[in-house]
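Engineer: I have a structure here, written as structure tokens, and I will follow up with some questions on it.
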Amino acid sequence: MVAAVGWEWQKPEVAQELARLAVDESGIGVYEDKVAKIQSKTKGTLWDMKGVKTCGLVEEDKERGLRIFAKPMGVVANVVPSTNPESTVSCIGLSLLKTRNAMIVSPHPQTQGSSYLTVEYGRKALRKIGAPEDLM
Numbered sequence: 034m035v036a037a038v039g040w041e042w043q044k045p046e047v048a049q050e051l052a053r054l055a056v057d058e059s060g061i062g063v064y065e066d067k068v069a070k071i072q073s074k075t076k077g078t079l080w081d082m083k084g085v086k087t088c089g090l091v092e093e094d095k096e097r098g099l100r101i102f103a104k105p106m107g108v109v110a111n112v113v114p115s116t117n118p119e120s121t122v123s124c125i126g127l128s129l130l131k132t133r134n135a136m137i138v139s140p141h142p143q144t145q146g147s148s149y150l151t152v153e154y155g156r157k158a159l160r161k162i163g164a165p166e167d168l169m
């Protein structure tokens, strides 16, 4: 599920559309840099989370008899700044999916469109694999 959403967001045509809208709405940033950032941040987040256990028994210290368990929190708010309306949604969104949480996005009023479109691409990827799209 996490990989499906991440790979959707980093596709060149998706990254280009999100970057163009983010720059147009906010008036901040350079289009080419935004495209590169979307792709590198999304791939980097996927890479960093690969193989990481995020639910259930996540750590054990047999010597001290300690076991650490992680569980989902439920629904988490993602407050999105106007300076980073697409990458904030994608990076935090991937982290929340990995930890089995749902996300509500609260975009900056100036960049609602780019945050909304980022969420819609994530929902599209979830639908493609039969996962509940309302996780986003």
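Going by the working numbering, the residue at position 24 of the sequence shown is 57; the numbering climbs one at a time, nothing skipped. All C-beta atoms, glycine included, are put in the ideal place defined by N, C-alpha and C.
1) Taking a contact to mean a Cβ-Cβ separation below 8 Å, would you say Pro-140 touches Tyr-154 in this structure?
2) With burial defined as no fewer than 16 other Cβ atoms inside 10 Å of the residue's Cβ, what is the status of Ile-137: buried or exposed?
3) Please classify Val-47: does DSSP put it in a helix, a strand, or coil?
4) Can Ser-59 and Gln-145 be called in contact, C-beta distance under 8 Å?
5) With a CB to CB cut of under 7 Å and the five nearest residues on each side skipped, what residues in its chain are close to Leu-130?
6) Just how far apart, CA to CA, sit Ala-55 and Pro-118?
Structural biologist: So, from the listed chains and residues:
1) no
2) exposed
3) helix
4) no
5) Met-34, Val-35, Val-38 and Leu-168
6) Rounded to the nearest angstrom, the two C-alpha atoms are 7 Å apart.
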